[in-house]
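These notes concern the structure reproduced below.
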Amino acid sequence: MNIYKVSVRFLLVLLVGLVLCYSGRADGDNIRRDIDSLANLLTTAHDSVKARYLIQMGQSYENIRTDSAIFYFTRAIKQARKMADSVNVSAALNSMGNIYQKIADYPKSLAYYNQSLEISKFMKDSSYMSSTLNNIGNVYDNLGDYSKALEYMLKSIKIDESLGDKDAMATSYNNLGLLYYRQEDFEMALKYYNITLKLRQELGDKEGVALVYNNIGIIYYYIDEMDKVLEYFKKSLHIYEEIGDIRQQALPLFNIGQLYYQQGKTDLALDYIFRSLKIEKQLNDKRGMADTYDFLGSMYGEMGDYNLALEYQKMGLKIAQEIGANLEARHSFESLSQTYEELGDYKQALEYYKNFKMMNDSVYNLEKSSQIAELNTMYETEKKEQEIELLNKDKQLQDIQIERQRNLIITFIVGLILIVFFAIIVYRQFIQKRKAYRELEEKNSRIMQQKEEIETQRDQIEAQRDQLLTKNEEILQQKEEIESQRDEIEAQRDVATQQRDQIAYQKQEITDSILYAERIQTALMPLVAQLNEYLKQHFILYQPKDIVSGDFHWFQRVGSRKVVMAVADCTGHGVPGAFISMLGMAFLNEIIRSYKTEEIEAANILNDLKQKVIKSLHQKETNAETKD
Numbered sequence: 036m037n038i039y040k041v042s043v044r045f046l047l048v049l050l051v052g053l054v055l056c057y058s059g060r061a062d063g064d065n066i067r068r069d070i071d072s073l074a075n076l077l078t079t080a081h082d083s084v085k086a087r088y089l090i091q092m093g094q095s096y097e098n099i100r101t102d103s104a105i106f107y108f109t110r111a112i113k114q115a116r117k118m119a120d121s122v123n124v125s126a127a128l129n130s131m132g133n134i135y136q137k138i139a140d141y142p143k144s145l146a147y148y149n150q151s152l153e154i155s156k157f158m159k160d161s162s163y164m165s166s167t168l169n170n171i172g173n174v175y176d177n178l179g180d181y182s183k184a185l186e187y188m189l190k191s192i193k194i195d196e197s198l199g200d201k202d203a204m205a206t207s208y209n210n211l212g213l214l215y216y217r218q219e220d221f222e223m224a225l226k227y228y229n230i231t232l233k234l235r236q237e238l239g240d241k242e243g244v245a246l247v248y249n250n251i252g253i254i255y256y257y258i259d260e261m262d263k264v265l266e267y268f269k270k271s272l273h274i275y276e277e278i279g280d281i282r283q284q285a286l287p288l289f290n291i292g293q294l295y296y297q298q299g300k301t302d303l304a305l306d307y308i309f310r311s312l313k314i315e316k317q318l319n320d321k322r323g324m325a326d327t328y329d330f331l332g333s334m335y336g337e338m339g340d341y342n343l344a345l346e347y348q349k350m351g352l353k354i355a356q357e358i359g360a361n362l363e364a365r366h367s368f369e370s371l372s373q374t375y376e377e378l379g380d381y382k383q384a385l386e387y388y389k390n391f392k393m394m395n396d397s398v399y400n401l402e403k404s405s406q407i408a409e410l411n412t413m414y415e416t417e418k419k420e421q422e423i424e425l426l427n428k429d430k431q432l433q434d435i436q437i438e439r440q441r442n443l444i445i446t447f448i449v450g451l452i453l454i455v456f457f458a459i460i461v462y463r464q465f466i467q468k469r470k471a472y473r474e475l476e477e478k479n480s481r482i483m484q485q486k487e488e489i490e491t492q493r494d495q496i497e498a499q500r501d502q503l504l505t506k507n508e509e510i511l512q513q514k515e516e517i518e519s520q521r522d523e524i525e526a527q528r529d530v531a532t533q534q535r536d537q538i539a540y541q542k543q544e545i546t547d548s549i550l551y552a553e554r555i556q557t558a559l560m561p562l563v564a565q566l567n568e569y570l571k572q573h574f575i576l577y578q579p580k581d582i583v584s585g586d587f588h589w590f591q592r593v594g595s596r597k598v599v600m601a602v603a604d605c606t607g608h609g610v611p612g613a614f615i616s617m618l619g620m621a622f623l624n625e626i627i628r629s630y631k632t633e634e635i636e637a638a639n640i641l642n643d644l645k646q647k648v649i650k651s652l653h654q655k656e657t658n659a660e661t662k663d
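Going by the numbering used here, the sequence shown opens with residue 36, and the numbers climb by one from there.
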């Protein structure tokens, strides 16, 4: 027989979403722009307003990066305290309480809320007092201490109504709906949720509207209107996706997954449940993770996969115990007991059931104590009424007895007063001596403790001093080495500088010589005017590679009707080529002068030029030698 009760427990673990009281809102399209804007403001802001910008920065990160939110809230608290800014100290402490409540670190959350509450009381800030009281009520609700939760929420509601604050009233009505939900008065719960929805819509609070949609969906589940359940859960999810609130998307995703599981759509259910779990892990939402693991365990148990069921249920129990979430731990103990019973391990089943019963009694003992106290009060009242009636009947007898006993009583009272008087004197002396003795012992104990602390600090200081001396010696040695290296580098630099200057001077000398050689080479070449006289259509492209050139052009008029021209490319570039080119021009001039006009032929000129070059360069004409 399958003993799992997933359908009965449906949505019990979702109450965290029913009491959302945080005032920060997230707009997915604007978060990054807001963060960038605030970062720019922080760099130029005066110290007096930095705390406010730091709080806003933390609230911008609240639903996307918990660690960043905590970092900025911590800075805000320090900055506000530095400036003695009580308003922003209280606001930053309250925001810090919010973030720790979201990650289910309830002791830290309460500590920050209580600090904020004390400051708001001192400032007589009713609005902030209401918000903080409501937040504290939510923490106690998450811890399963409903008596304290109700106490703080009622104080908050009273202040909200006196202020006429719509936003705060909406939160209070939402919490009132939760209280009716817990009493299973679903009609009244739905009534107050609808009032909350109307107020949130009037305020344009999309996040608040999404939350109320989720809560209304839960109520419709309990009154068995399943079509509306899915409709409202999907409305809630759509708004959270629209505003980019990743944290709150986990809630409707989980609810939709459970609803699909109830309808037998297991694959769809697992898809939504694991999407919710992914967000909870991303945001380190331990309470949500505990709920989800426990529900997954119950699901796999119903499907007959008991090993996987145990794995998830134990994970849920471990997290619930870590954060002190009694309600979730109670669910996990019950689920584990059921799983072991299905496996036939009755010993383990009994152990977990005992833990479940003990936790169940712990969660609900406050309510039982309240009922007992109420019955006891009724009993005492009835008893006193009966005693008064009896006293009225015996009044005459009592009057006679009182008269007889009056003198005896007076005497007894006087004696008793004297005894008590002396006893009080003796007791007071005893108390004073004992108090003085205890104070002396405490002072001696504190002195001894301070002495030990001083000696420990002295030893630490001496050890640190020795370390500093050692480090100082090392630093001095390193300094000497560095100075030696510096001197060596400077010497090398001076040598390099001197060599550079010498090379630069030599380069300049060589360059000047080559430039002068260029002028000489250019002067030996034909003049432009001479060429223009004999060659009407011509151009010269002369671009030496290295200032002076191994290329040259030559022109010479011979007789009245002949003109001899040459364009030569000599072996080599730069100075070597220039030498050859100047030899070539000189040899050509010499060869032309040696011929008669009618003897001039290009072949003869080239052969003569070749012989002169070979001769002048002391070359022998062989096939293996270079020919210029």
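Yeah, the Cβ is synthetic: ideal placement off N, Cα and C, and Gly gets one too. Keep in mind it's a predicted model, so treat the numbers as computed, not measured.
In chain order, 231, 234 and 235 place their CB closer than 6 Å to the CB of residue 205, counting only its own chain and leaving out the 5 sequence neighbours on each side. The beta carbon of residue 191 is closer than 7 Å to those of 165, 168, 169, 172 and 207 in its chain, skipping five residues each way along the sequence. In the three-state scheme derived from DSSP, where H, G and I count as helix and E and B as strand, residue 392 is classed as helix. Residue 600 carries a strand assignment under DSSP once its states are collapsed to helix, strand and coil. Rounded to the nearest whole angstrom, the CA to CA distance from residue 372 to residue 362 is 16 Å. Here the C-alpha atom of residue 555 lies approximately 45 Å from the C-alpha atom of residue 525. For residue 182, the number of other beta carbons within 10 angstroms of its own is below 16, and it is reported as exposed.
Within the segment 77–148, the runs of alpha helix (DSSP H) that reach at least 4 residues and sit entirely inside it are, in chain order, 82–96, 101–117 and 121–137. Shown here for residue 644: same chain residues with a beta carbon closer than 8 Å to its own, the five before and five after excluded, namely 619, 622, 623 and 626 in chain order. DSSP assignment within the segment 182–208 yields no whole alpha helix (DSSP H) run of 4 residues or more. Going by beta carbons, residue 112 and residue 127 fall inside the 7 Å limit. Looking at the DSSP output, residue 591 sits in a beta bridge with 599.
Residue 545 sits exposed, since fewer than 16 C-beta atoms from the chains shown fall within 10 Å of its C-beta.
When rounded, the separation of the alpha-carbon atoms in residue 175 and residue 76 is 38 Å. In the three-state scheme derived from DSSP, where H, G and I count as helix and E and B as strand, residue 306 is classed as helix. Residue 590 and residue 637 have their alpha carbons spaced roughly 13 Å apart.
Sixteen is the threshold: since fewer than 16 other Cβ atoms of the shown chains lie within 10 Å of the Cβ of residue 594, the residue is exposed. With contacts defined as CB atoms closer than 7 Å, residue 351 and residue 384 fail to qualify as a contacting pair.
The secondary-structure analysis by DSSP pairs residue 586 across a beta bridge with 604. Within a 10 Å sphere around the beta-carbon of residue 365 sit 16 or more other beta-carbons, which makes this residue buried. Secondary structure of residue 340 (DSSP, three-state): coil. In summary, residue 142 is exposed, with fewer than 16 beta-carbon neighbours lying within 10 Å of its beta-carbon over all protein chains present. Nearest neighbour of residue 346 by Cα position, chosen from 360, 356 and 329, turns out to be 329. Here the C-alpha atom of residue 122 lies approximately 14 Å from the C-alpha atom of residue 91. For residue 560, there is no enclosing alpha helix (DSSP H), as DSSP gives it neither H nor E. The C-alpha of residue 83 lies about 42 Å from the C-alpha of residue 229. Uninterrupted alpha helix (DSSP H) stretches at least 4 residues long and entirely within the segment 619–651 occur at 637–651, given in chain order. The segment 236–244 and the segment 221–228 do not touch, with fewer than 3 CB-CB distances between them shorter than 8 Å. Take residue 317, set aside five residues on each side of it, and the residues of its chain with a beta-carbon closer than 8 Å to its own are 281, in chain order.
Comparing alpha carbon positions, the residue from 633, 600 and 307 closest to residue 641 is 600.
In chain order, 128, 129, 131, 132 and 135 place their CB closer than 8 Å to the CB of residue 147, counting only its own chain and leaving out the 5 sequence neighbours on each side.
Relative to residue 162, the option among 196, 184 and 550 whose CA is nearest is 196. Less than 7 Å divides the Cβ of residue 221 from the Cβ of residue 254. By the criterion of a C-beta distance shorter than 7 Å, residue 86 is surrounded in its chain by 111, 114, 115, 118, 120, 123 and 127, once the five residues flanking it on both sides are discounted.
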